[in-house]
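Asks:
Numbering (UniProt numbering), first residue to last: 1 to 219.
1) If the criterion is Cβ atoms closer than 8 Å, does the pair residue 193 and residue 165 meet it?
2) Leaving aside the five residues before and after residue 83 along the sequence, list all residues of the same chain whose C-beta is less than 7 Å from its C-beta, in chain order.
3) Please classify residue 206 as buried or exposed, where buried requires at least 16 neighbouring CB atoms within 10 angstroms.
4) Classify residue 57: buried if its beta carbon has 16 or more other beta carbons within 10 angstroms, exposed otherwise.
5) On the CB-based measure, 16 or more other CB atoms within 10 Å of its CB, does residue 163 come out buried or exposed?
6) Ends of the alpha helix (DSSP H) at residue 90?
7) Got a sec? Which residues, its chain only, sit under 6 Å from residue 196 by beta carbon, not counting five neighbours each side?
8) Taking only the alpha-carbon atoms, compute the straight-line gap between residue 16 and residue 33 and give it to the nearest angstrom.
9) Please state if the CB of residue 188 and the CB of residue 158 are separated by a distance shorter than 8 Å.
10) Can you tell me whether residue 41 is buried or exposed? The criterion is at least 16 other CB atoms within 10 Å of its CB, across all chains shown.
11) Determine the burial state of residue 90: buried for a count of at least 16 other Cβ atoms within 10 Å of its Cβ, exposed for fewer.
12) What residue range does the alpha helix (DSSP H) around residue 70 cover?
13) Taking 8 Å as the cut-off, decide whether the C-beta atoms of residue 110 and residue 78 are in contact.
14) Taking the alpha carbon of residue 69 as the reference point, which residue from 119, 113, 171 and 214 has its own alpha carbon closest?
15) In whole angstroms, give me the CA-to-CA distance for residue 108 and residue 44.
16) Buried or exposed for residue 30, going by 16 or more other Cβ atoms inside 10 Å?
17) Taking 6 Å as the limit between beta carbons, can you name the residues of its chain near residue 96, skipping five residues before and five after?
18) Which residue wins for smallest C-alpha separation from residue 119, given the options 47, 215, 179 and 209?
19) Apply the 10 Å Cβ neighbour rule to residue 204 and answer buried if 16 or more other Cβ atoms are within range, or exposed otherwise.
20) Excluding five sequence neighbours on each side, which residues of the same chain lie with their C-beta closer than 6 Å to the C-beta of residue 71?
21) Ignore the nearest five residues each way along the sequence and tell me which others in residue 174's own chain have a CB closer than 6 Å to its CB.
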């Protein structure tokens, strides 16, 4: 009986060691970033990213450091990304850059590194159920005719030139972060701009400080 127990224990140990899941190197390095006071992990991470992404999406030193900051931000919100997932995102960016013909350059930003379910939330994606109405563009028209455009002249207007005292406030683009309610962020931003403009009409200056910047929480 003792021999059977010993043999069973040995087989169990062999099974555990052979089925052990080794951590992903990228995830290990990301997890080590918060306590990296001397930049040792950061250096290893940059070297690893060079080898990992080099054949797919070559990045210069500045771009690599920027990517490590995005990965650090990912860790701050308790999310992570594997080597395979990062290679996949980098491949998508490389494909886009080939298609743009150099007119503009796509990059690996924080949003592109997020898990797909978080990206869906940020895009406000809703599940489509069977029996839902057809898209508006596919519905039959009910005798509605399009208005013929009669304006042929072109006019340029930049509100930042008209109300230059509000330029700093109007030019500021709020960071939506993980808030999926883009309508609330956009509305608060527009309200902030209008608040400054209305005061400017009365000859009042609106300082670009926190109390004059409205957020989605104020709606």
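Backbone N, C-alpha and C fix where the C-beta goes; we use that ideal spot for every residue, glycine too. Computed from a predicted structure; not experimentally measured.
Replies: The structure says:
1) no
2) 24, 25, 26 and 52
3) buried
4) buried
5) buried
6) 83–100
7) 166, 169 and 206
8) Unreliable placement is indicated for residue 16, whose pLDDT of 45 sits below 50; no coordinate value is reported for it.
9) no
10) buried
11) buried
12) 61–76
13) no
14) 113
15) 19 Å
16) buried
17) 106
18) 179
19) exposed
20) 30
21) 185 and 189
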